[in-house]
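Chains as they are written, first to last, in the numbering used here: chain Y, 7 to 146; chain E, 7 to 146; chain L, 7 to 146; chain B, 7 to 146.
Protein chains: 4
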Amino acid sequence: MTDTVSVRRLTLAGAQKALAACLAKAEAMKVPQCIAVTDDGGHLLAFARMEGSKVMSIESATAKARTAASSRVQTGNVHAEVEIKLALATGGKLTNLKGGVPIIIEGQVVGAIGVGSGTGDQDREVALAGVAAIEGASAG
Amino acid sequence: MTDTVSVRRLTLAGAQKALAACLAKAEAMKVPQCIAVTDDGGHLLAFARMEGSKVMSIESATAKARTAASSRVQTGNVHAEVEIKLALATGGKLTNLKGGVPIIIEGQVVGAIGVGSGTGDQDREVALAGVAAIEGASAG
Amino acid sequence: MTDTVSVRRLTLAGAQKALAACLAKAEAMKVPQCIAVTDDGGHLLAFARMEGSKVMSIESATAKARTAASSRVQTGNVHAEVEIKLALATGGKLTNLKGGVPIIIEGQVVGAIGVGSGTGDQDREVALAGVAAIEGASAG
Amino acid sequence: MTDTVSVRRLTLAGAQKALAACLAKAEAMKVPQCIAVTDDGGHLLAFARMEGSKVMSIESATAKARTAASSRVQTGNVHAEVEIKLALATGGKLTNLKGGVPIIIEGQVVGAIGVGSGTGDQDREVALAGVAAIEGASAG
Numbered sequence: 007m008t009d010t011v012s013v014r015r016l017t018l019a020g021a022q023k024a025l026a027a028c029l030a031k032a033e034a035m036k037v038p039q040c041i042a043v044t045d046d047g048g049h050l051l052a053f054a055r056m057e058g059s060k061v062m063s064i065e066s067a068t069a070k071a072r073t074a075a076s077s078r079v080q081t082g083n084v085h086a087e088v089e090i091k092l093a094l095a096t097g098g099k100l101t102n103l104k105g106g107v108p109i110i111i112e113g114q115v116v117g118a119i120g121v122g123s124g125t126g127d128q129d130r131e132v133a134l135a136g137v138a139a140i141e142g143a144s145a146g
Numbered sequence: 007m008t009d010t011v012s013v014r015r016l017t018l019a020g021a022q023k024a025l026a027a028c029l030a031k032a033e034a035m036k037v038p039q040c041i042a043v044t045d046d047g048g049h050l051l052a053f054a055r056m057e058g059s060k061v062m063s064i065e066s067a068t069a070k071a072r073t074a075a076s077s078r079v080q081t082g083n084v085h086a087e088v089e090i091k092l093a094l095a096t097g098g099k100l101t102n103l104k105g106g107v108p109i110i111i112e113g114q115v116v117g118a119i120g121v122g123s124g125t126g127d128q129d130r131e132v133a134l135a136g137v138a139a140i141e142g143a144s145a146g
Numbered sequence: 007m008t009d010t011v012s013v014r015r016l017t018l019a020g021a022q023k024a025l026a027a028c029l030a031k032a033e034a035m036k037v038p039q040c041i042a043v044t045d046d047g048g049h050l051l052a053f054a055r056m057e058g059s060k061v062m063s064i065e066s067a068t069a070k071a072r073t074a075a076s077s078r079v080q081t082g083n084v085h086a087e088v089e090i091k092l093a094l095a096t097g098g099k100l101t102n103l104k105g106g107v108p109i110i111i112e113g114q115v116v117g118a119i120g121v122g123s124g125t126g127d128q129d130r131e132v133a134l135a136g137v138a139a140i141e142g143a144s145a146g
Numbered sequence: 007m008t009d010t011v012s013v014r015r016l017t018l019a020g021a022q023k024a025l026a027a028c029l030a031k032a033e034a035m036k037v038p039q040c041i042a043v044t045d046d047g048g049h050l051l052a053f054a055r056m057e058g059s060k061v062m063s064i065e066s067a068t069a070k071a072r073t074a075a076s077s078r079v080q081t082g083n084v085h086a087e088v089e090i091k092l093a094l095a096t097g098g099k100l101t102n103l104k105g106g107v108p109i110i111i112e113g114q115v116v117g118a119i120g121v122g123s124g125t126g127d128q129d130r131e132v133a134l135a136g137v138a139a140i141e142g143a144s145a146g
């Protein structure tokens, strides 16, 4: 049947597992974070804001996850010439801030993780810990 | 010192405990839900979206929690004449949809819970289960 | 109880005291200003717009205060590569314009001040005068 | 000269005087309020949020003042058939919630006051106390 296609998508249980791994990593790094996990469509599945993280990172962490789910690659690598235009053209829904990573299983994006409140590199490291918790998943 | 006042605020641990109780209740009721827990200022602390719940309830559940945090009472009791005007005057940030409840400890709002995807009464019932999980808390 | 944490928050009286100090400073400098004082969650507590200041600074002054409350540091120090992306990813809620300062008491952010209409350095100077008016407070 | 016209506008000092009268009235009534004072163009001049008022009323109080400045009459009297359409057509900038009153001197609107967090009638009563504090002013 070519009218429909079978896809794989992160469950709430999977999202919570990734979230727990991100929280453990952030605690080990002593960097309080906002952590968002979305499905393949960029819609929020699970979220946590740690004591001492930035309130406004609720939005940026969510935007990072949404962007990674949509683009299917980690955030932070869009050409400088293009990144601001993309953010503007989508009303801020897309961001190239580091810290958004897709969750990829067998070549398919099943969800994404966005982390914010640390440096871009810290955010990315915490997000990758979440991907590592999902069996058979990579961040591309 | 009267420049500042001492207040109590829900921690992430407290928010996660409330969220877990809401999830358990929703599962027992067999009603998939979106569940948002905020601090006293209406900023998101923890969130979960169950399989089979409505994607757009991400926003309404969050709005319900924000409204309960701000108004300090359960949502759903604003006069019909006023409720739509309040929603419009706040850009949709306030809602009178049932399912938002404050978490009150010793007369002080420390956070709030918003639930959406079921009927208003189901949403409220799930939210109240979250409040009951917090020691010494009531929903007013 | 670990479900909640005790925190300190600026009162309206404290916010008005800080605001009055900012106004006195701006008058002494002969620089008309917009001045916003928020609580620790970035929500407005007190505001004043002086004769001759810029109408649009109502929004930028408020954004500066909100940013300082969230980030817990003075605005103006975010890396140039990141600042525009942060503003876009939060729908303009975060700004790196100089003139936003947190009000910190015993290591805790209790509120923030944002000032706009002068140069960045003038704005910051006026905001710092507000922090100095709060007993035991520093701007980090 | 017909290219320009001379108008009267509320100063910051005038706005602060009205604000102080509103605060005194709200305290006497034991109803915590958010109070916004704008100029004749609907732009914020002075603002205060009392302990125990609703965070989300920051926006509704401001919208009420803006509406009264623009329409030159007290809010709450627009026909039910029209009020929601007006709110929608202006993106929520106009509201017919009670509690917005113009400050009129010699037939000219010089500013406006918006109050929110109580009932509509309480909000209006507090706003009127602010108008009464301005010499020669009425609320129409």
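Using N, Cα and C, we set each Cβ at its ideal position, and we do this for glycine too.
Keep in mind that this is a model prediction, so the values were computed, not measured.
Between the alpha carbons of Ala24/E and Ala135/E lies a gap of roughly 8 Å. In the DSSP assignment, Gly106/B forms a beta bridge with Gly120/B.
Chain-order list of chain E residues neighbouring Val116/L: Thr10, by C-beta distance under 7 Å. Per DSSP, the beta bridge partners of Arg15/E are Val11/L. Contact annotation, Ile64/E with Leu50/Y: C-beta distance approximately 5 Å; criterion of less than 8 Å satisfied.
Straight through space, the alpha carbons of Glu131/B and Lys99/Y are spaced by roughly 43 Å. Contact with chain Y is absent for Ala75/E, since none of that chain's Cβ atoms lies less than 9 Å from the residue's Cβ. The three-state reading of DSSP puts Val88/B in helix, counting H, G and I together. For Met62/L, the number of other beta carbons within 10 angstroms of its own is below 16, and it is reported as exposed.
For Ala52/L, DSSP records a beta bridge to Val43/L and Ala54/B. Of all residues in the stretch 98-128 of chain L, none comes within less than 8 Å of chain B when Cβ atoms are compared. Chain L places no beta carbon closer than 9 Å to that of Ala30/B, leaving this residue out of the contacts. Taking all protein chains shown into account, Asn102/E has 16 or more neighbouring C-beta atoms within 10 Å of its C-beta and is therefore buried.
In terms of CA proximity to Ala71/E, Ile109/E leads the group Ile109/E, Gly146/E, Thr10/E and Glu57/E. Of all alpha-carbon atoms in Ala145/B, Thr96/B, Gly106/B and Gly124/B, the one lying nearest the alpha-carbon of Gln114/B is that of Ala145/B.
Considering only Ile140/L, Glu112/L, Gly105/L and Ala139/L, the residue with the shortest C-alpha distance to Ser123/L is Gly105/L.
Arg14/Y counts as exposed, since fewer than 16 other C-beta atoms from the protein chains shown sit within 10 angstroms of its C-beta. At a C-beta separation below 8 Å, Lys91/E has these neighbours in chain B: Glu89, Ile90, Ala93, Thr101, Asn102 and Leu103. Using a CB distance below 9 Å, the part of the stretch 37-53 of chain E facing chain B consists of Asp46, Gly47 and Gly48, ordered along the chain.
Residue contact with chain B for Ala139/L: absent (no Cβ-Cβ distance below 9 Å to any residue of chain B). Rounded to whole angstroms, Ser76/B and Gly48/B show a C-alpha spacing of 7 Å.
For Gly136/L, the uninterrupted alpha helix (DSSP H) run begins and ends at Gly126 to Ala138, by DSSP. Using a Cβ distance threshold of 9 Å, Ile119/E and Cys28/E count as a contacting pair.
In the three-state DSSP reduction, Gln114/Y falls in the strand class (E or B).
For Ala71/B, the nearest beta carbon of chain E is not closer than 9 Å to its own beta carbon. For a Cβ distance threshold of 9 Å, residue set Glu57 of chain Y lies close to Thr17/E, ordered along the chain.
Here DSSP, grouped into helix, strand and coil, assigns Ala143/Y to strand. Judged by beta-carbon spacing, Glu57/B lies within the 9 Å limit of Val11/E, meaning their Cβ atoms are closer than that value. Not flagged as an interface residue toward chain L: Lys60/E, since no C-beta distance is shorter than 9 Å.
Annotation for Lys70/L: the continuous alpha helix (DSSP H) segment containing it runs Ser63 to Ser77. Nearest C-alpha to Ala30/E among Ala54/E, Thr8/E, Thr44/E and Ala95/E: Ala54/E. Among the CB atoms of chain L, none fall inside 9 Å of the CB of Glu131/Y.
Closest by C-alpha distance to Pro38/B, out of Val88/B, Val137/B and Asp129/B, is Asp129/B. Nearest CB-CB separation between Glu33/B and chain E: not below the 9 Å threshold. Residue contact check for Ala21/E against chain Y: a CB pair falls below 9 Å.
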